[in-house]
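Residue numbers (our numbering): 568 to 736.
For every residue, glycine included, the Cβ atom is placed at its ideal position computed from N, Cα and C.
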């Protein structure tokens, strides 16, 4: 168990997409606020008491084939910028997880899923709009398959890795 630190679950990007998104994040995220690599968060804060159940369920769900996904466009987050991701397979896996974790979900996790990878946040509105215009001018959709699930513990603004569950199907 992990010292009463909330648990996070991510949909892990494949290496090439991670390198691309993380490069953009390092370029456009405020350096003093960029404490994490690029990621796709599925759940933000599950209670640490559920760690055993979370581990078992992720291990079971990771037996499936890697879900297909597509980066579909630039998302205007107001004071930030992200790429929207469409993935029926990952949405279905998220729904299964959410059903199993019913009653444990906080406000951030008990709402409709919008898969995305954030590359800029907490900037001025003008800076966000400028980056969005730049990215939209050259945007091309990208298709990929998710690598697996990641399990992390929230630790003072950082994510401490606990386990990786690669898809095996």
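Item, Value
"Between the stretch 617–635 and the stretch 585–600, can you find at least three pairs of beta-carbon atoms closer than 8 Å?", "no"
"Counting C-beta neighbours from all protein chains within 10 Å, is the total for residue 659 16 or more, i.e. buried, or is it exposed?", "exposed"
"What ranges does the alpha helix (DSSP H) occupy inside the stretch 630–708, keeping only unbroken runs of at least 4 residues that lie completely in it?", "655–667, 692–705"
"Does the pairing of the stretch 710–721 with the stretch 573–588 give three or more beta-carbon distances under 8 Å?", "yes"
"Touching or not, the stretch 602–614 and the stretch 691–704, by the rule of three or more beta carbon pairs under 8 Å?", "no"
"Would you verify that the beta carbon of residue 626 is, or is not, closer than 8 Å to some beta carbon of chain C?", "No chain C is present in this structure, which holds just one protein chain."
"List the whole-angstrom C-beta distance separating residue 715 from residue 629, where the pair is believed to meet the contact cut-off of C-beta under 8 Å.", "6 Å"
"Closest to residue 693 by CA distance: which of 664, 647, 726 is it?", "647"
"Please go through the same chain and pick out, in chain order, the residues whose beta-carbon is closer than 8 Å to the beta-carbon of residue 652, but skip the five residues on each side of it.", "607, 636, 637, 638, 639, 682, 683, 684"
"Which residues share a DSSP beta bridge with residue 735?", "None, per the DSSP bridge assignment."
"Any idea if residue 580 is buried or exposed, counting beta-carbon neighbours within 10 angstroms, 16 or more meaning buried?", "buried"
"Which residue wins for smallest C-alpha separation from residue 603, given the options 732, 735, 730, 724?", "724"
"Measure the CB-CB distance between residue 695 and residue 643 and report whether it falls below 8 Å.", "yes"
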